[in-house]
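J.: Encoded as structure tokens, here's the structure I'll be asking about.
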Amino acid sequence: MPLYAYFNKQFVPMTEARLGVMTHCLHYGTGVFEGIRGNWNSDERQLYIFRLNEHYQRLLNGCRVLNINLSHTIDQLCRITVELIAKCGFEEDIYVRPLAYKSSEALGVRLHNLDDAFMVFAFPWGPYLDTNGVRCIVSSWRRPSETPQAKITGLYVNNALAKTEAIKNNSHEAIMLTASGYVSEGSGENIFLVQNGGLVTPGVDDLMVVGITRDAVMRMAHNELGIETTERHINHSELYTASECFLTGTAANITPVVEIDGHKIGSGEAGEITRKLQKAYSEVIKGQNPRYCEWYTPVYKNGPATK
Ligand SMILES: Cc1ncc(COP(=O)(O)O)c(C=O)c1O
């Protein structure tokens, strides 16, 4: 299957989308990215992009922080993305990676007097983590204490250190704390605990990326299961005593956490509420729940894809 990228304001084969070695973003982390999923509905032969608009809203917020001026509106970014995906002709679950970045081939730590650019590409991507359950560690790497609500490339280095620390410790994912020692998030996911039949998750003060999946899960828990979520500081030790724990994110969808630092969570298997939410979410992202129709962007506008 040919892969394409939107790069330098045109669609090009992926292999032709290349950056120079002096590109500013590469050296100083001066880029803002998003992760978006397209989910294949085989019955309808349709690919549904999940919450496309909200992802580009967050990207443009990040652009404001990094002084990146994109000449595109949200609508244009959405249209470019749909066109790119349709051009690739995917008939499977995909991941979409937009990046807005400082594109000048110029060195020097700054945000001003630099050119800005936008690229987006997409590729087939199945589950990021094992959806039956993962082992986590609480990382020794803390969340940076100044965290804008955006996915800024340079701010991901602690997350990368934390993830590799987890893998080296025979686990699958890292949970990061804030400098004050409260639970913040996974290296690429938000975190929820089940306590006394309700959901608990860190709030904005806990320096995590306020996830679009996190928001979807809170709304679905309320609408589909009648379960409310409390946003509050979570102490480190609460991780060990929760009856269930799960991670949420565009890449990871809803992933049960079955062990943290060697402590079994609940029964040591995915919990009941987690399973129910996983089921509801897997239907929602495939465009199967009309209650959330404003979250779906179908790629194949002229009817279902053909073989
Ligand atoms: C650090 C971090 N936290 C949380 C999330 C979850 O955000 P979303 O649900 O919008 O994908 C992500 C990414 O996708 C992330 O990278």
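Using my numbering, you'd call the opening residue of the sequence shown number 30 and step up by one each time. Ideal Cβ positions, reconstructed from N, Cα and C, are used throughout, including at glycine.
#1: Is G58 near ligand 1, with its Cβ less than 7 Å from a heavy atom?
#2: Hey, how far is the Cα of N282 from the Cα of N37?
#3: Which partner residues of F147 appear in the DSSP bridge assignment?
#4: Look at the alpha carbon of T110 and the alpha carbon of V149, and state the distance between them as a whole number of angstroms.
#5: Within 8 Å, do at least three Cβ pairs link the stretch 121–132 to the stretch 45–65?
#6: Helix, strand or coil: how does DSSP classify Q178 here?
#7: Any chance you could list the residues with Cβ under 5 Å from a heavy atom of ligand 1, keeping chain order?
#8: Indicate whether the contact test is met: 3 or more Cβ pairs, each with one atom in the stretch 287–294 and one in the stretch 266–273, closer than 8 Å.
#9: Kindly indicate which three-state DSSP category E267 falls into: helix, strand or coil?
#10: Let me confirm a value: N199 is counted as buried when at least 16 other C-beta atoms fall within 10 Å, else exposed. Which label applies?
#11: At a cut of 8 Å, does the stretch 299–310 reach the stretch 241–259 through at least three beta carbon pairs?
#12: On the three-pair Cβ rule with 8 Å, is the stretch 138–154 touching the stretch 168–175?
T.: Per the coordinate set shown:
#1: Incorrect: G58 has no Cβ contact closer than 7 Å to ligand 1.
#2: About 31 Å.
#3: Note: F147 sits in a beta bridge opposite A129.
#4: T110 and V149 have their C-alpha atoms some 7 Å from each other.
#5: The stretch 45–65 is in contact with the stretch 121–132.
#6: Residue state, collapsed to three classes: coil.
#7: Answer in sequence order: G64, E214, G217, N219, V238, G240, I241, T242, G278 and T279.
#8: Segments in contact, yes.
#9: Correct three-state label for E267: helix.
#10: By the neighbour-count definition (other C-beta atoms within 10 Å, threshold 16), N199 is an exposed residue.
#11: The stretch 299–310 and the stretch 241–259 touch, with no fewer than 3 CB-CB distances between them shorter than 8 Å.
#12: Contact fails: fewer than three Cβ-Cβ distances are below 8 Å.
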